[in-house]
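Protein chains in written order, with this note's numbering: chain A, 7 to 679; chain B, 213 to 283. Contents: one structure, followed by commentary.
Right, here's the structure in full:
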């Protein structure tokens, strides 16, 4: 049976750095049962003993303000963790020890980590961990999570803590609450003593009741006699603004813990010159956008070698495989499967891997340095309109480059519902490939009129995002859960390159394997539908379906050819021209043009305007733009949301949305042209 | 005065905080309590107010600043 350590700490306390540092690539990501909150688990072995690390969501307290907080405290209250590792930011100890004080009363063995000791020392702060340990009665460990050499010491300390099983003794801190005259601490405690459990003391329950925590009050209602609950209710109604009183007690505890244990120079931190500009109303946004453009370029440079390999795979493998299979007389179906499909699947998965790693790399730098919080700050009011945090702007800006990057970029959002909403919204942002293909198409059909199509797409991007935020926003970012920004802007740190590279690469293989799965399944389905032995499209299943449902697709303004190209655009946006070319000139089959092995015919701009009306073309351009971005983006989305249900929901939503837009555009086109 | 009226350079302490349980819990957990010392670092229109408290740089959106009284 493995031992479970839960990591508990406020945002910016270095929790994910510690998690990655302890577990490396031995991680498992899932969801907490019944909640849209991400569950991160990892493993490591020490002295032949297996340890499970659970990375609890980063929250500021253990109240019941969000699913994240409820998941966290329920997990602890059920005694799931054998040891809790509390993290605090040593450079801002007073504020970041709040989580510790909110934890007192949960009867689980714990250790306190004073993380970011290097930063604290850099500020001239001297912290006496032994003195704090003496007052707390649990191990207190000074630590630097981004420094690999600190880990052996930590793991030793953790394994020792498992033997000693030291639990915070709430009796030491009771007087603070008892002496606060505005709260009836003892009276409440006496009542709730009836429903305390092995892991959740009457002390903890009493404080939560005084804080008017509805979740806990409901729990008490279920577990107390009617009379006792009535007495409790009466006591609680008399308490006004209980949080402020308990807050004062908590900070008084912290004050006494740190008294004579921390030696800090009298210098006061100021807003640096850069910060003054980076958070200013005038320059904050341009700087943030500039940083994101730079980040995109760096991500591309990082990904370039990997992308180059992925581009080579089909070229290097397809020909030889084809020759080999022909020489041994393999049936042409098998040939197509192995020599065309297989190399492309591998190529797609490698390129996704490259891009996600590139984005992870640059975002880790921005986050680690501390600039991410500034971006969140300047874009807060704008993103709030979509029900999102300011940080999500990074994902959208990344999305203009590549949807995969956008989806991977949502990882910086610490609220699961909002993160899923951001992933969904990123799909509405046309990526670089779309911005390259659509002008070409528009040019072919509308000549100089094409200049109106691009602003039109941009306009509709905002409209689609607004609609989508409405459709999914109520569930994923409920109005009552939306709150204005109250956050800490961490001080700037120098990035720890070793840590950033380790984080980036340890994810690489995992990304590749997950991508491979989704890409294989979807590619295989598309291959089965579009494969023909003769290369004649009329023999494919997709053609038969296309013809059969053409009366239906005509409602949306699409003929069977354009509808097929629309379907192919969900695999790859670059495929659109090739597929149209294949269908209208008979120059290749749908499958190989979608997977990029067939070339586009040169006289496309003569054939297409003759075959497709302007209204249909307009409908088609909008339909493909807002269709599923591409197969790899779909795989990336599945990887980010770990939910097949949500992935399918998103796919379905965008297909319907694209066809609705197609319908609208077609009818506008009929009037205009 | 209200927190959003305090100009950069202002230093003083929070005299009262008002609001629902949820807000009180959030504002307390970031370290802002009645009686705690603060210094305003930046206060521009349509942006959260930036202040320094307990050695931390904290952003509080304007609407919530209306519920915080400083002296």
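Beta carbons: idealized from backbone N, C-alpha and C, even for Gly. These numbers were taken from a predicted model, which means no experiment stands behind them.
Chain A residues whose Cβ lies nearer than 9 Å to that of residue i
i: residue 270 of chain B; result: 101, 492, 493, 494 and 495
i: residue 213 of chain B; result: What residue 213 of chain B touches in chain A: nothing, since even the nearest Cβ is about 19 Å away.
Neighbour flag for residue i against chain A, beta carbons, 7 Å
i: residue 236 of chain B; result: yes
i: residue 243 of chain B; result: yes
i: residue 281 of chain B; result: no
i: residue 225 of chain B; result: no
i: residue 217 of chain B; result: no
Within chain B, the residues that residue i reaches when beta carbons sit closer than 9 Å
i: residue 489 of chain A; result: 234, 235, 238, 273 and 276
i: residue 280 of chain A; result: Those within 9 Å of residue 280 of chain A in chain B number zero; the least Cβ separation is about 13 Å.
i: residue 411 of chain A; result: Here the premise fails: no neighbours, minimum Cβ distance about 27 Å.
Residue i: contacting residues in chain A (beta-carbon distance under 8 Å)
i: residue 249 of chain B; result: None at all; the shortest Cβ gap to chain A is about 11 Å.
i: residue 256 of chain B; result: 286 and 287
Start-to-end residues for the alpha helix (DSSP H) that takes in residue i
i: residue 251 of chain A; result: 248-264
i: residue 234 of chain A; result: 232-244
i: residue 370 of chain A; result: 348-375
i: residue 599 of chain A; result: 596-600
i: residue 548 of chain A; result: 547-554
i: residue 261 of chain B; result: Unbroken run through residue 261 of chain B is the beta strand (DSSP E), 261-265; no alpha helix (DSSP H).
i: residue 494 of chain A; result: Residue 494 of chain A -> not in any alpha helix (DSSP H); beta strand (DSSP E) instead, spanning 492-495.
i: residue 673 of chain A; result: 650-678
i: residue 5 of chain A; result: What is shown of chain A runs 7 to 679, which leaves residue 5 of chain A out entirely.
i: residue 481 of chain A; result: 456-482
Delimiting residues of the beta strand (DSSP E) encompassing residue i
i: residue 57 of chain A; result: 55-61
i: residue 21 of chain A; result: Premise fails: residue 21 of chain A lies in the alpha helix (DSSP H), 21-29, not in any beta strand (DSSP E).
i: residue 34 of chain A; result: 33-37
i: residue 10 of chain A; result: 9-15
i: residue 95 of chain A; result: 89-95
i: residue 282 of chain B; result: 280-282
Residue i classed as buried or exposed, judged by whether at least 16 other C-beta atoms fall within 10 angstroms
i: residue 677 of chain A; result: exposed
i: residue 213 of chain B; result: exposed
i: residue 422 of chain A; result: buried
i: residue 255 of chain B; result: buried
i: residue 64 of chain A; result: buried
i: residue 458 of chain A; result: exposed
i: residue 476 of chain A; result: exposed
i: residue 251 of chain A; result: buried
i: residue 240 of chain A; result: exposed
i: residue 20 of chain A; result: buried
i: residue 132 of chain A; result: exposed
i: residue 644 of chain A; result: buried
i: residue 652 of chain A; result: buried
i: residue 56 of chain A; result: exposed
Assigned secondary structure, residue i (DSSP; H/G/I helix, E/B strand, else coil)
i: residue 269 of chain A; result: strand
i: residue 129 of chain A; result: coil
i: residue 46 of chain A; result: strand
i: residue 271 of chain B; result: strand
i: residue 225 of chain B; result: strand
i: residue 146 of chain A; result: strand
i: residue 408 of chain A; result: coil
i: residue 285 of chain A; result: coil
i: residue 121 of chain A; result: strand
i: residue 249 of chain B; result: strand
i: residue 627 of chain A; result: helix
i: residue 502 of chain A; result: coil
i: residue 112 of chain A; result: strand
Chain B contact for residue i (CB, 7 Å cutoff)
i: residue 71 of chain A; result: yes
i: residue 66 of chain A; result: yes
i: residue 204 of chain A; result: no
i: residue 609 of chain A; result: no
i: residue 179 of chain A; result: no
i: residue 249 of chain A; result: yes
i: residue 466 of chain A; result: no
i: residue 13 of chain A; result: no
i: residue 257 of chain A; result: yes
i: residue 104 of chain A; result: yes
Contacts of residue i in chain B (Cβ-Cβ under 8 Å)
i: residue 98 of chain A; result: 266, 267 and 268
i: residue 277 of chain A; result: 253, 254, 262 and 269
Under 9 Å by beta carbon: chain D residues contacting residue i
i: residue 259 of chain B; result: Protein chains in the displayed structure are A and B, and chain D is not among them.
Beta-carbon neighbours of residue i, restricted to chain B and to distances below 7 Å
i: residue 253 of chain A; result: 240 and 245
i: residue 218 of chain A; result: 233
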